[in-house]
Amino acid sequence: MTPATLQREFDVIVIGAGAVGENVADRVVQGGLTAVLVEAELVGGECSYWACMPSKALLRPGTALHGAQAVPGAAEAVTLTLDAAAVLKRRDYFTANWQDDSQVKWLEDTGIELLRGHCWITAPHTVEVAGLDGNTYELKARHAVVLATGSTPTTPSINGLADLQVWGTREATSAKEVPERLAVIGGGVAGSELAQAFARLGSDVTLVARSGLLGTFPAEASKLVVAGLRADGVAVRLNTSTESVRENDDGTFTLTLQDPTADGRTTVIADKVLVSTGRHPALEGLGLESLGFEAQHGQPLKLTTDSTGLVQGLPDVPGTPNVQGEEGSDGVDPWLYAVGDAAGSNFFTHQGKYEARATGDAIAARAKGELRGTPKPWSRYAHTANQHAVPSVVFTDPELAAVGRTVEQAKRDGYNVSSVELPIEVSGSSLHSEHYEGWAQLVVDEDRRVLLGATFAGPDVGELLHAATIAVVGEVPLERLWHAVPSFPTVSEVWLRLLEKYGL
Ligand SMILES: Cc1cc2nc3c(=O)[nH]c(=O)nc-3n(C[C@H](O)[C@H](O)[C@H](O)COP(=O)(O)OP(=O)(O)OC[C@H]3O[C@@H](n4cnc5c(N)ncnc54)[C@H](O)[C@@H]3O)c2cc1C
9 MTPATLQREF DVIVIGAGAV GENVADRVVQ GGLTAVLVEA ELVGGECSYW
59 ACMPSKALLR PGTALHGAQA VPGAAEAVTL TLDAAAVLKR RDYFTANWQD
109 DSQVKWLEDT GIELLRGHCW ITAPHTVEVA GLDGNTYELK ARHAVVLATG
159 STPTTPSING LADLQVWGTR EATSAKEVPE RLAVIGGGVA GSELAQAFAR
209 LGSDVTLVAR SGLLGTFPAE ASKLVVAGLR ADGVAVRLNT STESVRENDD
259 GTFTLTLQDP TADGRTTVIA DKVLVSTGRH PALEGLGLES LGFEAQHGQP
309 LKLTTDSTGL VQGLPDVPGT PNVQGEEGSD GVDPWLYAVG DAAGSNFFTH
359 QGKYEARATG DAIAARAKGE LRGTPKPWSR YAHTANQHAV PSVVFTDPEL
409 AAVGRTVEQA KRDGYNVSSV ELPIEVSGSS LHSEHYEGWA QLVVDEDRRV
459 LLGATFAGPD VGELLHAATI AVVGEVPLER LWHAVPSFPT VSEVWLRLLE
509 KYGL
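Note that my numbering numbers the sequence shown so that position 48 is 56, with each residue one more than the last.
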């Protein structure tokens with residue numbers, strides 16, 4: 009039988025059923041519109057199966073064990089190391105064994121239609137889908153098409169690498185066995201987290217970072233993570249480039265490193281190589297060229313969006329009335345949006361879902377004529393927090409947690425900045441564990457005396473972060489923050505010490 013081309017019409021087409029696409033579709037349906045989600049792989053996307061969930065499932069048992077070992081009384085009761093098979097089994101549970109049935113059920117319950125297949129845009133409001141059922145679908149969107157296609161790993165240019173079967177984060181997070189020797193190329197969040205996870209599972213890990221580890225965080229904070237990794241036996245090679253990787257006859261890999269401390273070249277032999285050197289928006293093959301978008305200077309394509317996720321600079325397509333831009337003027341039709349990793353401003357599930365909620369609501373409001381033009385900052389339709397209040401946690405042990413601007417970013421943005429920093433040494437931290445080592449920093453806008461950012465480093469500091477996020481988003485004056493009394497004895501007492509040191 010010849011496959012059919014089936015034509016369907018929806019209010020909104022969302023391309024990509026990761027966490028972000030799911031949330032956009034949910035919000036537009038809650039707003040009274042119809043939505044179809046088109047997904048080529050698993051509903052739930054990267055976060056559920058190959059990123060946040062499995063990586064945190066691999067890390068948590070090691071953190072729990074180390075936490076107990078750091079508290080006398082509990083330490084004596086812990087006599088064994090991690091059970092790697094049990095850790096991998098628990099990871100399998102958190103990825104639902106890479107089956108998306110429960111997420112599909114949620115879509116059904118929510119009233120979102122799912123179409124499995126690979127798709128691309130053929131014209132404004134129009135998407136073609138090569139369905140996994142063998143059919144071709146031509147979908148029309150009455151109101152909007154949303155790109156929620158996620159991101160793709162960026163491959164570094166290292167001699168020999170392109171020809172080899174090495175691990176990316178997908179292979180590492182779904183590994184069925186713990187390699188004896190693992191070389192990790194990349195000192196970002198995923199590289200650091202997975203290096204520690206595998207070291208604690210028993211691998212002999214070498215981590216190679218071209219510059220510092222976790223370089224977007226203040227050096228005082230990231231150096232605690234370097235110490236944590238080294239304490240777990242990870243050979244952390246900073247300011248070291250990987251010149252080449254080759255596969256040996258016995259299936260192992262040899263990395264040649266340009267190592268400043270060793271005065272030249274050194275080699276590392278590993279059973280597996282994990283390459284984790286960043287990601288870029290997954291926009292290839294989506295038909296964006298047919299709308300006039302082109303990648304520049306050999307770089308991956310990047311879109312610019314407004315505060316509602318509306319794609320900017322969409323060229324006028326001859327023969328169509330669909331000109332993207334400010335709504336409310338004649339001939340203008342806001343139809344193409346990008347959110348989450350695909351939009352390229354933040355690569356976090358929580359921030360992508362925040363964008364998704366605002367974009368979904370904006371699409372529904374525009375469809376009903378309740379939103380015209382660009383919404384005000386901090387309206388429910390705007391991604392305002394993306395500009396200066398993005399929280400992030402690195403789930404290594406110790407953890408790193410930061411929100412808002414660092415001192416350097418605040419200066420670059422023209423603020424009259426001061427900062428206050430302290431080791432975390434309060435009753436709560438000394439009770440938390442023996443030899444608790446932590447560091448905290450507040451970044452202050454001196455003109456308004458409000459927080460622009462905060463960073464915490466130390467065991468379990470991820471849970472301190474939301475207080476800082478609220479203070480930054482709420483622009484709480486320091487004089488009022490002084491009245492937010494941390495409970496005794498908690499690690500949060502560091503807030504009091506920081507404000508005291510600031511001069512309150
Ligand atoms: C190892 C690792 C750990 C991470 N840990 C965290 C963490 O702890 N916390 C956190 O906040 N973030 C974390 N992240 C980042 C997080 O995973 C991403 O920010 C998040 O998954 C982005 O969600 P998304 O919905 O935008 O994209 P994705 O989850 O990638 O979903 C995009 C979907 O679109 C589909 N798709 C793409 N193109 C097409 C097409 N043409 N047709 C049909 N379908 C298509 C894909 O198959 C995919 O399912 C981590 C990332 C990695 C790599």
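We put the beta carbon where it would ideally sit given N, CA and C, even for glycine.
Asked	Found
Near ligand 1: Phe301 beta-carbon under 6 Å from a heavy atom	no
Asp349 CB to nearest heavy atom of ligand 1 below 6 Å	yes
Under the three-state DSSP convention, the category Gly333 falls into	Note that Gly333 scores a pLDDT of 46, beneath 50, so its modelled location is shaky; the value from the coordinates is reported in the next line. Coil, per DSSP.
Alpha-carbon spacing of Ala476 relative to Ser315, whole angstroms	23 Å
Neighbourhood of Leu344 by C-beta distance below 7 Å, restricted to the same chain and skipping five residues each side	Val153, Val319, Leu322 and Gln332
Three-state secondary structure (DSSP) of Lys231	helix
Pro11 classed as buried or exposed, judged by whether at least 16 other C-beta atoms fall within 10 angstroms	exposed
Burial state of His151, where buried means 16 or more other Cβ atoms lie within 10 Å	buried
Own chain partners of Val143 with C-beta closer than 8 Å, once the 5 adjacent residues on each side are dropped	In the sequence on display, residue 143 carries Asn and not Val. The residues are Pro11, Ala12, Thr13 and Leu14.
C-beta contact flag for Ser435 and Val452 at 7 Å	no
Same chain, Cβ closer than 6 Å to Gly352, neighbours up to 5 away in sequence not counted	Pro289 and Lys310
Beta-carbon gap between Gly194 and Thr285 smaller than 7 Å	yes
Counted within 10 angstroms of its Cβ, other Cβ atoms place Thr404 as buried (16 or more) or exposed	buried
Residue range of the unbroken alpha helix (DSSP H) whose run includes Leu486	Leu486 to Leu489
Length of the line joining the Cα atoms of Arg68 and Gly470	13 Å
When Gly306, Gly70, Trp114 and Thr134 are compared against Arg98, the one with the closest alpha-carbon	Gly70
Any non-hydrogen atom of ligand 3 within 6 Å of His133 CB	Because ligand 3 does not appear in the structure shown, any question about it cannot be addressed here, the ligands present being ligand 1.
Helix, strand or coil at Lys280 [DSSP, three-state]	strand
Cβ-heavy atom distance, Gly158 to ligand 1, below 6 Å	yes
Contained beta strand (DSSP E) runs [length at least 3] in the segment 14-95, N- to C-terminal order	43-47
Gly446 beta carbon less than 7 Å from that of Ala465	yes
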